[in-house]
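The opening residue of the sequence shown carries number 1 in UniProt numbering; numbering runs sequentially from there. Where is the CB? At the ideal position from N, CA and C, for every residue including glycine. This structure is a prediction, so every number in the text was calculated from the model and none was measured.
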Amino acid sequence: MNPRIVELKSKQLLGLNQEMSLVDNKTFELWKNFRQRSKDILNKSSQDFISLQIYPKGYFETFSPAKRFVKWACVEVDDNENISTDFQRVILEGGFYAVFNYKGTVESAPAFFQYIYGEWIPNSDYNLDDRPHFEVLGTKYKTNDPNSEEEVWIPIKAK
């Protein structure tokens, strides 16, 4: 499973966020709330949804499922105009990403991520970079479907 390496340009995102941990996971509630209201965002630059995680410094160095991070449910937008005050804005900084294609359910995801962080990164020419991690949930994404597909974007920098 080899990723493609992509240099991403900065993007402006609009959505909702919530602090959580893997133990205290509030992803379902966050996305339920966002999906119901996302039709009110008029200046989307894509129909894709983005699930974005902002981890604190050192999150992966001494991993614990109880460590807290901020998760976003969002979409990319073209500009600042016509932005409802019901949503928050986040700028996704540009930089290099390893982009993996994932097919499967939430239940099979831990093994996929264990491979990325435990095998691929240590054996690659890259280290994790301290920028947001995100998933692009496009037209092939289907909740709880084993045939669901998404792109997983992991921030990297040269070793």
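If you draw a straight line from the C-alpha of residue i to the C-alpha of residue j, how long is it?
i	j	result
Thr105	Lys157	29 Å
Asp145	Asp48	18 Å
Gln18	Val77	20 Å
Val90	Phe113	24 Å
Tyr117	Glu107	17 Å
Lys71	Ser51	7 Å
Asn123	Met1	13 Å
Glu119	Phe28	29 Å
Leu128	Thr62	14 Å
Lys26	Asn147	24 Å
How many whole angstroms separate the CB atoms of residue i and residue j, which I take to be in contact at a CB cut-off of 8 Å?
i	j	result
Glu93	Ser38	That pair is no contact at about 23 Å.
Pro132	Ile41	The pair is not a contact, with the Cβ atoms about 19 Å apart (cut-off 8 Å).
Among the residues of its own chain, which have a CB less than 7 Å from the CB of residue i, if the five just before and after it don't count?
i	result
Tyr97	Val6, Leu8, Trp153, Ile154, Pro155 and Ile156
Asp130	Lys57
Leu14	Ile41, Cys74, Val75, Val77, Ile83, Phe87 and Arg89
Leu30	Leu16, Gln18, Lys71 and Ala73
Ser45	Glu76, Val77 and Asp78
Within its chain, find whatever has a CB closer than 8 Å to the CB of residue i; leave out the 5 residues flanking it on each side and keep chain order.
i	result
Glu149	Asn101, Tyr102, Lys103, Gly138, Lys140 and Tyr141
Buried or exposed for residue i, please, with buried defined as at least 16 other CB atoms from any protein chain shown within 10 angstroms of its CB.
i	result
Lys159	exposed
Phe34	buried
Glu135	buried
Tyr115	exposed
Just to check, is the beta-carbon of residue i closer than 7 Å to a non-hydrogen atom of the ligand GDP?
i	result
Asp125	By its list of ligands, the structure shown contains no ligand whatsoever, and the ligand GDP lies outside what it can speak to.
Below 6 Å CB to CB, which residues in the same chain sit around residue i once its five sequence neighbours on both sides are set aside?
i	result
Val99	Pro3, Arg4, Val6, Glu151 and Trp153
Considering only C-alpha positions, which residue in the set the options is nearest to residue i?
i	options	result
Cys74	Asp86, Ile121 and Tyr117	Asp86
Leu22	Tyr117, Pro110, Ile116 and Leu128	Pro110
Asp24	Asn127, Phe69 and Ile121	Phe69
Asn43	Thr143, Gln12 and Asp125	Gln12
Pro65	Met20, Tyr126 and Trp120	Met20
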